[in-house]
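A.B. asks: Dumping the structure here so I can ask a few things about it.
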Amino acid sequence: MFTSNHLNSNTINTNSDTTFLSVGGGAKCKFWLMAAVASPSTPAVLFTALAGVAIVAVIFYGASRGRLKSPWSQRRRKHALSAHQWKSLFTEDGKFCDGGNKFLRRVRSGGVDPSIRAEVWPFLLGVYDLGSTKGERDVIRTQNRKQYEKLRRQCRRLIKQSNEQNKLNEVGEISFEGDAKLLSQDSGSASSDDAASARESLSSEDRSSDVDRSDNLSSALLEGEDVNNADASTLDTDFSDSDSSEGPEVIQAVPSDDVKEHNNPDKASQEVSSTTKAKIPSKAPTNEDFSTWQRIIRLDAVRANAEWMSCYPSQASVSESRARRSAEAVGLKDYGHLEPGRIFHAARLVAILEAYALYDSDIGYCQGMSDLLSPIVSVISEDHEAFWCFVGFMKKARQNFRLDEVGIRRQLDLVAKIIKFKDAHLFRHLEKLQAEDCFFVYRMVVVMFRRELTFEQTLCLWEVMWADQAAIRAGIGKSSWSRIRQRAPPTEDLLLYAIAASVLQRRKLIIEKYSSMDEIIKECNSMSGHLDVWKLLDDAHNLVVILHDKIETSFS
Numbered sequence: 001m002f003t004s005n006h007l008n009s010n011t012i013n014t015n016s017d018t019t020f021l022s023v024g025g026g027a028k029c030k031f032w033l034m035a036a037v038a039s040p041s042t043p044a045v046l047f048t049a050l051a052g053v054a055i056v057a058v059i060f061y062g063a064s065r066g067r068l069k070s071p072w073s074q075r076r077r078k079h080a081l082s083a084h085q086w087k088s089l090f091t092e093d094g095k096f097c098d099g100g101n102k103f104l105r106r107v108r109s110g111g112v113d114p115s116i117r118a119e120v121w122p123f124l125l126g127v128y129d130l131g132s133t134k135g136e137r138d139v140i141r142t143q144n145r146k147q148y149e150k151l152r153r154q155c156r157r158l159i160k161q162s163n164e165q166n167k168l169n170e171v172g173e174i175s176f177e178g179d180a181k182l183l184s185q186d187s188g189s190a191s192s193d194d195a196a197s198a199r200e201s202l203s204s205e206d207r208s209s210d211v212d213r214s215d216n217l218s219s220a221l222l223e224g225e226d227v228n229n230a231d232a233s234t235l236d237t238d239f240s241d242s243d244s245s246e247g248p249e250v251i252q253a254v255p256s257d258d259v260k261e262h263n264n265p266d267k268a269s270q271e272v273s274s275t276t277k278a279k280i281p282s283k284a285p286t287n288e289d290f291s292t293w294q295r296i297i298r299l300d301a302v303r304a305n306a307e308w309m310s311c312y313p314s315q316a317s318v319s320e321s322r323a324r325r326s327a328e329a330v331g332l333k334d335y336g337h338l339e340p341g342r343i344f345h346a347a348r349l350v351a352i353l354e355a356y357a358l359y360d361s362d363i364g365y366c367q368g369m370s371d372l373l374s375p376i377v378s379v380i381s382e383d384h385e386a387f388w389c390f391v392g393f394m395k396k397a398r399q400n401f402r403l404d405e406v407g408i409r410r411q412l413d414l415v416a417k418i419i420k421f422k423d424a425h426l427f428r429h430l431e432k433l434q435a436e437d438c439f440f441v442y443r444m445v446v447v448m449f450r451r452e453l454t455f456e457q458t459l460c461l462w463e464v465m466w467a468d469q470a471a472i473r474a475g476i477g478k479s480s481w482s483r484i485r486q487r488a489p490p491t492e493d494l495l496l497y498a499i500a501a502s503v504l505q506r507r508k509l510i511i512e513k514y515s516s517m518d519e520i521i522k523e524c525n526s527m528s529g530h531l532d533v534w535k536l537l538d539d540a541h542n543l544v545v546i547l548h549d550k551i552e553t554s555f556s
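In structure tokens form, the structure reads like this:
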């Protein structure tokens, strides 16, 4: 017969009316069962006690199970992928031993060691396929370098044409002012007629020249040489304009299928199947378009954050003469207050962003894109490789810079759904403040936490996010990751789960102290330097575990 001696640390305390059973003896799992009994020695008492223990155990297990977090937060944090580990992942011909599965798991568990980021990032960003050999990557690298150089030559042509046009306009204005004075003195003189005729001729030539240049650019761009997969090199800022006499080049005005896919509003909102996607060529940029992009790019490049310099001092070690040559090569202005390292960095930003504006002219350039490129340029020393990494990054991020803001609205809607499904009370408070659209996290979405996290924290978050996206591209789904991620498959939207997590971390503050969306915006903008990126990722992955399937269903 089962007696109280078999309860080990569990004890039965009795009095004339009641029996209390202490289960487990520990502070975390101590439960008390009270049973109205006449005597502690009867079998009925023991049966009642055991039944109570069973009930309590079921309740406790169920409650604990509901509170379980993913193994991501329960295990000890692993170290970043090291150089030694990185080399051990490849076969003799340069292929990943297991298709990149182990590589991606290591990155998403601890990020990448700074010393090997330049080698690793092209794989994370899709410049190189995870199944490629070293020989295949060498071929891709050469092709991509050539494509980038073509884009840069086209940029220089546009800049030269723009400068010539500005000079013609200045000459026209001076001529007009001088002739106007002559006309006022002697309106009937032959010289005034000649001046008017010359003015009209100059204006006509100017317009004709503009039309010809615009037509040439459009035809060159629309011929559509393939610039898809890639990675390309050569520090463009050391080039001269000596190649301006070369024949017309063919540059792709139609981005890759991935870019066109993101450019379809219905695709972005996931309301139309891929089979109905329209294959519409990108609009060829005009000289005026390019001049506008160029002006904003130069301003943003000079203002770029210098935080990267302490993390990558070798990139900042540039002679003043080289920095100034690079700045002059891309027409950078107002940089006299910057040290050489920042001047050189700004010149590289200009070169790469101008090339991207031509590569994806539907987006061109928008403020905020320099925030995304700057860390890439800081890590990768070759312009062509940095460019194609940026192209890979923008395949997902370009939706943040569409004029119709369809992509931004979808992402804000997803953040709102995560908060609503996870914390209905907080969401109801946001509704009262008319902040349920989550517009207060707009900046986080657009520049992907770049301004809320330190430089190194940003890179860690991006690397984990890229590892998820690379896993999806490689076809690594729920089944192959289930043991490690406990029902949390790789997701394209890890960033949005992290953004929702940052809001949920401040739920008490938002509910108790804030009474307007402006106050919440100020709180979000003041997060800079106060976030723990790994805690943020822990919470984001916990949300993926709990809500991923529900969120996916709600958007299907």
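Each step along the sequence shown adds one to the number in the UniProt record's numbering, with nothing skipped, and position 438 is 438.
Beta carbons are placed, not taken as given, at the ideal position from N, Cα and C, and that holds for glycine.
1) Please go through the region 376-431 and give each complete alpha helix (DSSP H) segment of 4 or more residues, from N-terminal end onward.
2) Going by beta-carbon coordinates alone, are Ala284 and Ser361 separated by less than 8 Å?
3) Going by DSSP, what residues sit across from Phe90 in a beta bridge?
4) Taking the beta carbon of Leu509 as the centre, do at least 16 other beta carbons fall within 10 Å, making it buried, or is it exposed?
5) Touch check for the region 495-505 and the region 147-160: three-plus C-beta pairs under 8 Å?
6) How would you write the range of the alpha helix (DSSP H) that Ser502 sits in, first residue to last?
7) How far does the alpha helix (DSSP H) with Gly111 in it reach, from first residue to last?
8) If we count Cβ pairs, one from each stretch, closer than 8 Å, do we get three or more for the region 339-353 versus the region 305-319?
9) Within this structure, are the beta carbons of Trp388 and Val139 separated by less than 8 Å?
10) To the nearest whole angstrom, what separates the beta carbons of Gly368 and Phe393, a pair I think is in contact under 8 Å?
11) Would you grab the beta carbon distance between Ala416 and Cys438 for me? Rounded to a whole angstrom, and I think it's under 8 Å.
12) Quick check on Leu358: does DSSP put it in helix, strand or coil?
13) Cys97: buried (16+ other C-beta within 10 angstroms of its C-beta) or exposed?
14) In whole angstroms, give me the CA-to-CA distance for Asp383 and Ile352.
15) I believe Phe449 touches Leu433 by the beta-carbon criterion, under 8 Å. Please report the beta-carbon distance rounded to the nearest angstrom.
16) With 16 other CB atoms within 10 Å as the buried threshold, where does Glu539 fall?
17) Put Leu81 into one of helix, strand or coil per three-state DSSP.
18) When DSSP labels each residue in this structure, what does Ile116 get in the three-state scheme?
19) Give the secondary structure of Gln367 by DSSP, where H, G and I count as helix, E and B as strand, and everything else as coil.
20) Which whole-angstrom value is the C-beta distance of Asp93 and Lys134, which I expect to be below 8 Å?
21) Compare the C-alpha of Ser374 against each of Ala474, Phe123, Glu456 and Gln469 and name the closest.
22) Tell me, to the nearest whole angstrom, how far the beta carbon of Leu130 is from that of Gly100; I am working on the premise that it is less than 8 Å.
23) If you compare alpha carbons, which of Ile297, Glu436 and Thr454 is closest to Ile520?
24) When DSSP labels each residue in this structure, what does Cys155 get in the three-state scheme?
25) Which complete beta strand (DSSP E) runs does the region 516-551 hold, if anything under 3 residues is left out?
26) Would you kindly work out how many angstroms separate the C-alpha atoms of Ala323 and Val544, rounded to a whole number?
27) If you measure between the beta carbons of Ala500 and Leu536, is that distance less than 8 Å?
28) Given the structure, does Leu531 come close to the ligand SAH, in the sense that its CB is under 7 Å from one of the ligand's heavy atoms?
29) So the candidates are Asp289, Arg348 and Ser326; which of them puts its Cα closest to the Cα of Ala301?
30) Going by DSSP in three states, Tyr312 sits in which element: helix, strand or coil?
31) Do Ile297 and Val350 count as a contact pair if the criterion is CB distance below 8 Å?
32) Have a look at Glu463, Asn169 and Asp518 and flag the residue whose alpha-carbon is nearest the alpha-carbon of Pro122.
33) Which of the three DSSP states is assigned to Val127 in this structure?
34) Which of helix, strand or coil does DSSP assign to Pro490?
C.D. replies: The short version:
1) 383-397 and 406-422
2) yes
3) Phe96
4) exposed
5) no
6) Leu494 to Leu504
7) Note, Gly111: premise wrong, no alpha helix (DSSP H); not H, not E.
8) yes
9) no
10) No, Gly368 and Phe393 are not in contact; Cβ-Cβ is about 13 Å, not under 8 Å.
11) 5 Å
12) helix
13) exposed
14) 7 Å
15) Rounded, the Cβ-Cβ distance is 23 Å, inconsistent with contact.
16) According to the sequence shown, residue 539 is Asp rather than Glu. The residue is buried, with at least 16 neighbouring Cβ atoms inside 10 Å.
17) strand
18) helix
19) coil
20) 6 Å
21) Glu456
22) 4 Å
23) Glu436
24) helix
25) none
26) 45 Å
27) no
28) The ligand SAH is not part of this structure, which contains no ligands at all.
29) Arg348
30) coil
31) yes
32) Glu463
33) coil
34) coil
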